[in-house]
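*Asks:*
Number of protein chains: 2
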Amino acid sequence: MSAVAQATPHSPLTFSALGLEDRQVEQVRAFWRTLERFGPGVQLRCREGQGCKRGVIVSGWACEMRILPDGRRQIFSFLLPGDPFVIEENTDIGGRGIVALTRLETIDWTNPLLGVADGRDALARAVEEASRIKQDRMLDQMVRIGRLTARERLLHLLLELYYRLEAVGLVRGDTFRIPLTQALFADALGLSLVHINRTLTQLRREGHILLRGGSVTLLSREKLSAIAFFHAHGAPPAM
Amino acid sequence: MSAVAQATPHSPLTFSALGLEDRQVEQVRAFWRTLERFGPGVQLRCREGQGCKRGVIVSGWACEMRILPDGRRQIFSFLLPGDPFVIEENTDIGGRGIVALTRLETIDWTNPLLGVADGRDALARAVEEASRIKQDRMLDQMVRIGRLTARERLLHLLLELYYRLEAVGLVRGDTFRIPLTQALFADALGLSLVHINRTLTQLRREGHILLRGGSVTLLSREKLSAIAFFHAHGAPPAM
DNA sequence: CGAGACTTTGACCGTAGTCAATTTATGTGG
DNA sequence: CCACATAAATTGACTACGGTCAAAGTCTCG
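The listed protein sequences correspond, in order, to chains A and B. Just so you know, we're using the numbering used here here: the first sequence kicks off at 1 and counts up by one. Just so you know, we're using the numbering used here here: the second sequence kicks off at 1001 and counts up by one.
#1: Which of the three DSSP states, helix, strand or coil, is assigned to Ala321 (chain A)?
#2: Can you confirm whether Phe1265 (chain B), when its beta carbon is compared against all beta carbons of chain A, has any partner nearer than 8 Å?
#3: Considering only C-alpha positions, which residue in the set B:Ala1188, B:Arg1132, B:Gly1055 is nearest to Leu1180 (chain B)?
#4: Can you find the residues in the same chain that come closer than 6 Å, C-beta to C-beta, to Gln6 (chain A), ignoring five residues on each side of it along the sequence?
#5: Excluding the 5 residues preceding and the 5 following Arg73 (chain A) in the sequence, name in chain order all residues of the same chain whose CB lies nearer than 8 Å to its CB.
#6: Could you tell me if Gly55 (chain A) is buried or exposed, where buried requires 16 or more neighbouring beta carbons within 10 angstroms of its beta carbon?
#7: To the nearest angstrom, how far is it from the Cα of Ile75 (chain A) to the Cα of Gln182 (chain A)?
#8: Which residues of chain A have a Cβ atom closer than 8 Å to the Cβ of Ile1145 (chain B), listed in chain order?
#9: Assuming Leu1184 (chain B) and Glu1105 (chain B) are in contact, meaning their beta carbons sit under 8 Å apart, how far apart are those beta carbons, in whole angstroms?
#10: Whether or not the region 1195-1213 of chain B and the region 1149-1169 of chain B are in contact is what I'm after, with contact meaning three or more pairs of Cβ atoms, one per stretch, closer than 8 Å; do they touch?
#11: Given 8 Å as the limit, is there contact between the region 1133-1153 of chain B and the region 1221-1235 of chain B, that is, 3 or more CB pairs closer than that?
#12: Quick check: is the beta carbon of Gly1097 (chain B) nearer than 8 Å to any beta carbon in chain A?
#13: Just how far apart, CA to CA, sit Ile133 (chain A) and Glu1021 (chain B)?
#14: Residues of chain B with a CB under 9 Å from the CB of Leu317 (chain A): which are they?
#15: Please tell me whether Val98 (chain A) and Phe85 (chain A) are closer than 8 Å, where the distance is taken between their beta carbons.
#16: Would Leu1224 (chain B) pass as a contact of His1208 (chain B) if the rule is Cβ separation under 8 Å?
#17: State the CB to CB distance for the pair Ala1100 (chain B) and Leu1044 (chain B), rounded to an integer number of angstroms; the pair is presumed to be in contact (CB under 8 Å).
#18: Taking the CB atoms as reference points, tell me whether Leu1218 (chain B) and Leu1080 (chain B) lie closer together than 8 Å.
#19: Inspect the beta-carbon positions of Pro40 (chain A) and Thr102 (chain A) and report whether they are closer than 8 Å.
#20: Can you pull the chain A residues whose beta carbon is under 7 Å from the beta carbon of Arg1072 (chain B), in chain order?
#21: With a threshold of 6 Å on Cβ separation, who are the neighbours of Ala130 (chain A) within its own chain once the five nearest residues in sequence on each side are excluded?
#22: Can you grab the Cα-Cα spacing for the pair Cys46 (chain A) / Ala1124 (chain B), in whole Å?
#23: Excluding sequence positions up to five away, which residues of its chain have a Cβ less than 8 Å from the Cβ of Arg1096 (chain B)?
#24: Note down, one range per segment and in chain order, each alpha helix (DSSP H) of at least 4 residues found wholly within the region 183-237 of chain A.
#25: Do His1195 (chain B) and Ala1167 (chain B) come within 8 Å of each other at the CB atom, strictly closer than that value?
#26: What residues from chain A crowd round Leu1139 (chain B), counting only those whose CB sits closer than 7 Å?
#27: What residue does the alpha helix (DSSP H) around Val1025 (chain B) start on, and which one ends it?
#28: Buried or exposed for Arg1147 (chain B), going by 16 or more other Cβ atoms inside 10 Å?
#29: Within its chain, find whatever has a CB closer than 6 Å to the CB of Val988 (chain B); leave out the 5 residues flanking it on each side and keep chain order.
#30: On the CB-based measure, 16 or more other CB atoms within 10 Å of its CB, does Gly1252 (chain B) come out buried or exposed?
#31: Out of curiosity, what's the CA-to-CA distance linking Pro9 (chain A) and Asp136 (chain A)?
#32: Write down the C-beta distance between Arg221 (chain A) and Leu159 (chain A) rounded to the nearest angstrom, noting that I regard them as a contact closer than 8 Å.
#33: Considering only C-alpha positions, which residue in the set A:Val127, A:Phe38, A:Lys53, A:Arg177 is nearest to Val216 (chain A)?
#34: Expressed to the nearest angstrom, what Euclidean distance is found between the alpha-carbon atoms of Gly1214 (chain B) and Thr1175 (chain B)?
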């Protein structure tokens, strides 16, 4: 419970996982000086000439997406508090953009911790692990849009978000805040806005979910997981 | 003229012809001792207890896929000669399996080259680059199955395979060998076998492609790329 | 030549898309 | 606190892309 932990009210995972010692607090302060803020809809970009930028989401949501020349969009993944990300230089067509979905805060994790051998290893390991889990989620996303039905896709995505947010302490009971419009669901799941609406309505009528005013509640995650073939990734509780 | 793609058991090349120094010959021999063969349909697995296995495809095709409990399949990517791959321990449900689609030859790239400083760096860089490009292709795959129509998906995938195979010298003119059944196309593109068949028939009738007996010809890649919103990855010709 | 795998075709169905209008938040300035 | 503007959600009518089922035709290879 150091000053560090208190400085991250929205993101309990990021630093506690690193086990920083007191003498490293100054390093962390430097870390926080790299804080950046973005408004909803803003695309994250890296400085001119720099190869790329590596950061971590502190608060807010973002997404990785591509836009086709004719306007179709595909969202690849959602970035939640605690998630590391990399912005590539090539930000335009054919690439992958990162866009803030809410007010967003990020920090840089490349420079400040250089030289802190211990923290660096822990950080590297944590980021590597996060990267591995993210790859798994990319595969989940492909299965969703490639082989699941609309209702399965929605439930599968909601379950993923539930467990990711739970891991960073952003779930209360069975409920969490979700700043996604139905248009964003559509672009993430490869469906039309209208069909998302109808499927959500159906799921509500069947008593599977509650969804209003930016909050979702998943009733009986057990049952929903079975319906949507969902399996959680990351640190498995094993038994 | 890729050495990797062409190197086969029949290759009569002598080491002296390659200009290798004596001390390197043993390294290369060790390298080739890790050659493994798999038959079509066989799933690649790692030794018991080992964390994972890293290899490179020498000849043949494979794919990464997941199978759902109810039998639905999603193919994530195809592995072609020259492609590096990693086999994870957890090979079962919820994971990602690598399956040979043809007779397959692979080599290990972890042990043998350790200690060859120069080669190690080059190898590491090459694999890192390959990994980056593969990530980009994963995003392409998501756009395909999430936002493209059946005809666009097929053309987009065929174009990807064309350029990847061209890069390793496996294309002659506009034509290349493609060991994929229509069922595999279906599982890769999130469509049904029947619809793949109809779409292919249509593309043939329209004069876009030739496809018979395991060979494809792409007529006018320019036009097809425009239709399918295709952009090649990897070493960009830039100008 | 025969068995099995693969492809092709037809008939019909259903999930999801499109278009368009209406209703309901959400938010902002007066 | 209300009026208005805008974004988001909802609903209906209709369309169509793609799925399913089933049968027949081809190709391969032992």
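All residues carry an ideal CB built from backbone N, CA and C; glycine is no exception.
*Replies:* Reading it off the structure:
#1: This structure cannot settle anything about residue 321 (chain A), because the visible part of chain A is limited to 1 through 239.
#2: Because chain B is modelled from 1001 through 1239, residue 1265 (chain B) falls outside the range shown and cannot be assessed.
#3: Numbered from 1 along the second sequence, position 180 holds the residue referred to as residue 1180 (chain B). Comparing Cα positions, the closest option is B:Ala1188.
#4: Taking the first residue of the first sequence as position 1, residue 6 (chain A) is located at position 6. Unreliable placement is indicated for Gln6 (chain A), whose pLDDT of 42 sits below 50; the coordinate value is still reported in the next sentence. If we look at Gln6 (chain A) and ignore the five residues flanking it on each side, it has no Cβ neighbours.
#5: For the purposes of this step, residue 73 (chain A) is taken as residue 73 along the first sequence, with counting starting at 1. Answer for Arg73 (chain A): Met65, Arg66, Ile67, Asp187, listed in chain order.
#6: Within the first sequence, residue 55 (chain A) is the residue found at index 55, counting from 1. With 16 or more other Cβ atoms within 10 Å, it is buried.
#7: By 1-based counting over the first sequence, the position of residue 75 (chain A) is 75. By 1-based counting over the first sequence, the position of residue 182 (chain A) is 182. Straight-line Cα distance between these residues: approximately 13 Å.
#8: Translated into the one-based positions of the second sequence, residue 1145 (chain B) becomes position 145. By Cβ distance, chain A contributes Met142, Ile145, Gly146, Gly190.
#9: Locating residue 1184 (chain B) in the second sequence gives position 184, counting from the first residue. Locating residue 1105 (chain B) in the second sequence gives position 105, counting from the first residue. That belief does not hold up - the Cβ atoms of Leu1184 (chain B) and Glu1105 (chain B) are roughly 20 Å apart, past 8 Å.
#10: yes
#11: yes
#12: Here residue 1097 (chain B) refers to the residue found at position 97 of the second sequence. For Gly1097 (chain B), the answer is no, since every Cβ of chain A falls outside 8 Å of its Cβ.
#13: Position 133 of the first sequence, counted from the start, is the residue given in the question as residue 133 (chain A). Position 21 of the second sequence, counted from the start, is the residue given in the question as residue 1021 (chain B). Answer to the nearest angstrom: the Cα atoms are 42 Å apart.
#14: Residue 317 (chain A) is absent from the structure shown; chain A starts at 1 and stops at 239.
#15: Stepping through the first sequence from its first residue, residue 98 (chain A) is reached at position 98. Stepping through the first sequence from its first residue, residue 85 (chain A) is reached at position 85. For the sequence presented, residue 98 (chain A) should be read as Ile rather than Val. Their beta carbons are under 8 Å apart, which means Ile98 (chain A) touches Phe85 (chain A) by this criterion.
#16: On the second sequence, residue 1224 (chain B) is found 224 positions in, with the first residue counted as 1. On the second sequence, residue 1208 (chain B) is found 208 positions in, with the first residue counted as 1. Taking 8 Å as the Cβ cut-off, Leu1224 (chain B) and His1208 (chain B) qualify as a contacting pair.
#17: Here residue 1100 (chain B) refers to the residue found at position 100 of the second sequence. Here residue 1044 (chain B) refers to the residue found at position 44 of the second sequence. So it is a contact: roughly 7 Å between Cβ atoms.
#18: Taking the first residue of the second sequence as position 1, residue 1218 (chain B) is located at position 218. Taking the first residue of the second sequence as position 1, residue 1080 (chain B) is located at position 80. No. Outside cutoff.
#19: On the first sequence, residue 40 (chain A) is found 40 positions in, with the first residue counted as 1. On the first sequence, residue 102 (chain A) is found 102 positions in, with the first residue counted as 1. In contact: Pro40 (chain A) and Thr102 (chain A) (Cβ atoms closer than 8 Å).
#20: For the purposes of this step, residue 1072 (chain B) is taken as residue 72 along the second sequence, with counting starting at 1. Near Arg1072 (chain B) (Cβ distances below 7 Å), the residues of chain A are Arg147.
#21: Within the first sequence, residue 130 (chain A) is the residue found at index 130, counting from 1. Around Ala130 (chain A): Pro84.
#22: Mapped onto the first sequence, residue 46 (chain A) falls at position 46. Mapped onto the second sequence, residue 1124 (chain B) falls at position 124. Distance between the alpha carbons of Cys46 (chain A) and Ala1124 (chain B): 26 Å.
#23: Along the second sequence, one-based indexing puts residue 1096 (chain B) at 96. Here the set comprises Glu1064, Met1065, Arg1066, Phe1076, Glu1088.
#24: Whole alpha helix (DSSP H) segments, 4+ residues: 193-205, 221-228.
#25: Here residue 1167 (chain B) refers to the residue found at position 167 when the second sequence is read from its first residue. Here residue 1195 (chain B) refers to the residue found at position 195 when the second sequence is read from its first residue. Using a Cβ distance threshold of 8 Å, Ala1167 (chain B) and His1195 (chain B) do not count as a contacting pair.
#26: To locate residue 1139 (chain B), count along the second sequence from 1; it is residue 139. Correct list: Arg66, Phe76, Arg96.
#27: As a first step, residue 1025 (chain B) is located in the second sequence; it is residue number 25 there, counting from the start. It spans 1022-1033 - the alpha helix (DSSP H) in which Val1025 (chain B) sits, taken as one unbroken run.
#28: On the second sequence, position 147 is the one that residue 1147 (chain B) refers to. Burial of Arg1147 (chain B) is indicated by the presence of at least 16 other C-beta atoms within 10 angstroms of its C-beta.
#29: Lying before the first or after the last residue shown, residue 988 (chain B) is absent from chain B, which here runs from 1001 to 1239.
#30: Nothing in the structure corresponds to residue 1252 (chain B), since chain B is present only between 1001 and 1239.
#31: To locate residue 9 (chain A), count along the first sequence from 1; it is residue 9. To locate residue 136 (chain A), count along the first sequence from 1; it is residue 136. For Pro9 (chain A), the predicted structure reports a pLDDT of 45, less than 50, and the residue's modelled location is therefore unreliable. A value from the coordinates is still provided. Roughly 28 Å separates the two Cα atoms.
#32: Translated into positions along the first sequence, residue 221 (chain A) becomes position 221. Translated into positions along the first sequence, residue 159 (chain A) becomes position 159. Confirmed, Cβ separation roughly 7 Å.
#33: For the purposes of this step, residue 216 (chain A) is identified with residue 216 of the first sequence, where counting begins at 1. For Val216 (chain A), the nearest C-alpha among the options comes from A:Arg177.
#34: Translated into positions along the second sequence, residue 1214 (chain B) becomes position 214. Translated into positions along the second sequence, residue 1175 (chain B) becomes position 175. Answer to the nearest angstrom: the Cα atoms are 10 Å apart.
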